Every structure is written in structure tokens, then in C-alpha cells.
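In this note's numbering, the protein residues as written are 148 to 570.
Idealized CB from N, CA, C, for every residue including glycine.
Fair warning: this is a prediction, and the values are worked out from it, not measured in the lab.
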Amino acid sequence: MPHVNKPKRSTLKLLTKAAASSLLITKVPYVFSRTTTTVRVLGTHVTLQEVLRKQAMEDLGINLVFEPKGSASVLQKASMSPTSFDLYEQWSNSIRVLWASGSIQPIDKKRILHFDEINDLCKTGKVHPSSNIGAGDAPFKILHVQKNGELGTNHTNDISFLPYVHNVDSFGYNTDHIELGRPYETESWGWLLDNKNKGKVGIVNAPSIGVFDLALAAQGQGLMSFNDIGAITNAELDQLFDILFELKRQNHFNGFWTSVPESVNFMKSGRVNIQSMFSPAVSQLNGQGIPVRYAAPKEGYRGWHGVMCLSSATTGRVKDAAYDYMNWWLSGWPGAFIARQGYYISNPQRSAKYLNQNEWDYWYQGKAATTNLLGTDGNIAVKKGQQRSGGSYEKRFSNVAVWNSVMDSYDYSLQKWYEFINS
């Protein structure tokens, strides 16, 4: 590989702390591999789902071993042990850490069959010319491997990750306990720190994600402001965490979750009424009859882009099979499957034919559902007449406040985060 930088010792120590603290289907004729080869995929519960694993194995004729963990745990393991996985699936804030550690190798764009179909979000930062790019590591800034081995915006043949699943995140709230707000008008990140919700607030326990949720909340509540929320300084982190430490002493937060299933349990049990959430958790809870609203904050969303990365240790037949699996994700059916849990795929038109018109109109166009819609678990996730919070794909991605990012203050933010969690 053209880069040989090793991660700072302090970063790996903090990532080790992270690991310690976070413990309908249509057959698609899409076969590449002709021998049974095993590909180990390390990632989170967001995409490492059993239905997807079984379908991919049937379509590709390969064996897949999924290892889902909390987001901090998988980043720690991948950055320290590239031999422990063949493909890594998580979010774009992983890339700078993995690239610096030498844990991943460039992906050859020519081997991605539908790369030309991938939309402009990852290529230019905008799904529409008038879209707001958002602060921080917008995916197009870290996709292409430059001639000097760094990651940048000049388009090259080598990319650091496969652009595939993506979405905008915010928070969910139970409308049995919190009055329904208006998208982009009254719904605010500040609600996470509002005294009215004291003792019933949950936060995602992932430092490069949770810090932005809480920064947006502090700013939304008028407690402080940031010069650039995508590049928070050490001094601003000190101010932010002073606020958070005081709130924690007042028992404002009820818990910090590390996985989608855990966040579902937080809300289902009544432990929290409002929390950081990912879309699949909202779909699951709605399917179980729990009225959780996924907010469209007036301050804008926290954006993320899924990254599928190739281990630097993967070679030969396993590497070929890994490319088959990456291509499978852009083949249509997988994108339709994850649409039903509220996620987008980077080449959506290919997935459109696997969604009925009502599903496409609801999930991508932001139109009201004309019939009940099922989620990936087979339960009703959307009732007739409902409209997706935040509206269409273009509308939602035109309102990104900040992307999941690894800032220059990353090491310091990890230190502050774990002091906060363990206090």
C-alpha cells in the first residue's frame, strides 16, 4: 500500500477502551463465485443481518461469516487486526482511522460493475445542485486514493471504500410521552438536553457519532455554539463536556446504547422516551406498535455513509469473492431490502424494480403511503396514510448539518468521551 502511517498509541488505547465499554424475498440470478469460498465480514447489526447473509450466499455460491458488534468494538478490532476480517462494514467516520492504520487496501473501481450508476452524493457531495454539503467528512472528501497515498477529492481508479448503504440520522421520541413536533420547524436536537426529558434520555455510545449528537443538542438548546461543528476544537470540547458532566451528575441521561437491538430495548422497556436512534430501530418499534417518531431536526441531520472496506490482508480467491459480495450489494435486491428499514442505496434506480410503486414513493419520494408497508421483519412498519419524516431522499440529504467525522481533535474527543461515559 502507498501509505504506512501507524495509528497513534493513544488512539489505540482509547479504542481498546471503546471495545471494553460496548459490549417476500425474490431469488436473484446473480452468481459470480463458482467455488465455496469463505468471506468474513466484520461490522454492525445495521447491515449484518441473517436474511442478507443467506440471500447473498444463495446468489453468489460463497460462504459468508458475519461478525456484528457495537460500532466502537468493530473499529477497534479492524484497526488493530486486519487478519481478523476480509470485509469491514460500518460508517464513513471509520475510514481515516482504518486508512492510517494500514488495515484496509484500495478497492479497484474497475472491478465494481455498477460504479458508474452510483449517484453524486459520494462523487460531488450533493444529491441535488442546491443541496447543503454539510460540515465534516462528507464522503466525497475521503473516497478517492490520491497519488501520494492520501485520501482526497480528485477522482482516481482506487477508492478507500465501496459507497453503498447510507442515511441521515437524528433522534427518536415516543409520542405517547412527548408532544409531536413539526419537521424542520419545531423538532430540535436540543430536546435531548431539555430538562423536560430529564432521566428519560438515551445516547449512542460511539464517540465519533455521539459527540455530534450532543454537540448539535447543546447548540440547539442554546447552551453553546461552535465555529465549525465538523471540526470541533479541544477548547470547544472542554466547554461541551463541562455541560455534559453537569447534566450527568443531575441524572439527565438514562443510558448509552451500543447496538440497534439495545436501542430498541431502551425504548420498548420505557427506560427512555427520547434517544439517539438509527432508522432500523424506529422501524422495528413501529412494527411492534410503539409510536416512535424519527425527528427531522430544524438544525439539520447528522449524515452518514456506509463503507465497505477490503482488508489489507485479503488476497487471492477470498479477495475475488469479496469483490463478488461488494458487487452483489449494488445489484438491486439488497438495496430494496434495506429501503424497507429506512436506508438508501447509492445506485437507487437499480433497486427501484424490486420495490412496488407504493414502497418507492414512500421511502424515496417522501409521499404518503397508499397501503400499509411491511418492514424487513415482516411486520407493518408504515401505516396507510403515513408520510416519511423529513420527506424525500433529496430533501433529507439537502439538510445535513454534519457528517460522521474523525476530526483533528479525535484523540482528545475519545479521551473526553470515555471520561464522560465512565463518570
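query                                                                                                                           : result
Buried or exposed (CB count within 10 angstroms, at least 16 for buried), G436                                                  : exposed
Rounded separation between P408 and R396 - CA only                                                                              : 27 Å
Test item: CB-CB of A442 and S317 under 8 Å                                                                                     : yes
Closest Cα partner of C269 within the set H261, A285, K256, L363                                                                : A285
Nearest candidate by alpha-carbon position, reference T462, set Q562, K216, V454, F232                                          : F232
Reduced DSSP secondary structure (H/G/I, E/B, other) of F318                                                                    : strand
Delimiting residues of the beta strand (DSSP E) encompassing W451                                                               : 448 to 458
For Y511, the three-state DSSP class (helix, strand or coil)                                                                    : coil
Ranges of the alpha helix (DSSP H) found wholly within the stretch 168 to 254, counting only runs of at least 4                 : 197 to 207, 218 to 227, 242 to 248
Bounding residues of the alpha helix (DSSP H) (the contiguous stretch that carries A469)                                        : 463 to 476
Cβ shell of V212 (< 8 Å), same chain only, five flanking positions each side left out                                           : T185, V186, R187, V188
Y501 (DSSP reduced to helix, strand or coil)                                                                                    : coil
Status (buried if at least 16 other CB within 10 Å, exposed otherwise) for R449                                                 : buried
Contacts around N474, its chain only, beta-carbon distance under 6 Å, and the 5 residues preceding and following it disregarded : L260
Inside the stretch 311 to 361 only - beta strand (DSSP E) runs reaching at least 3 residues                                     : 348 to 351
Segment contact flag, the stretch 483 to 497 with the stretch 244 to 255, C-beta cutoff 8 Å, min 3 pairs                        : no
Straight-line Cα distance separating D360 from W451                                                                             : 12 Å
Bridge-paired residues (DSSP) for D305                                                                                          : D255
CB of V143 within 8 Å of CB of L339, strictly                                                                                   : No information on residue 143 is available, as it lies outside the stretch 148 to 570 that the chain covers here.
R543 - containing beta strand (DSSP E), residue span                                                                            : No beta strand (DSSP E) holds R543; the alpha helix (DSSP H) holding it covers 540 to 544.
Separation of L520 from G538, as counted between CA atoms                                                                       : 16 Å
Rounded straight-line distance, which links the Cα of E541 to that of S372                                                      : 28 Å
Rounded C-alpha distance that separates T173 from V198                                                                          : Per-residue confidence for T173 stands at a pLDDT of 38, beneath the threshold of 50, marking its modelled position as unreliable; the derived number appears in the next sentence. One C-alpha to the other measures close to 12 Å.
Whole-angstrom distance between S493 and S239, CA atom to CA atom                                                               : 14 Å
M424, DSSP secondary structure in three states                                                                                  : strand
Between the CA atoms of T303 and R258 - distance to the nearest angstrom                                                        : 14 Å
According to DSSP, residues forming a beta bridge with W404                                                                     : V351
Where the beta strand (DSSP E) containing I568 begins and where it ends                                                         : Here I568 belongs to no beta strand (DSSP E); instead the alpha helix (DSSP H) covers 557 to 569.
DSSP three-state assignment for I527, whether helix, strand or coil                                                             : strand
Meets three-Cβ-pair contact criterion under 8 Å: the stretch 293 to 302 and the stretch 456 to 470                              : no
Three-pair Cβ contact test at 8 Å for the stretch 384 to 396 versus the stretch 413 to 422                                      : no
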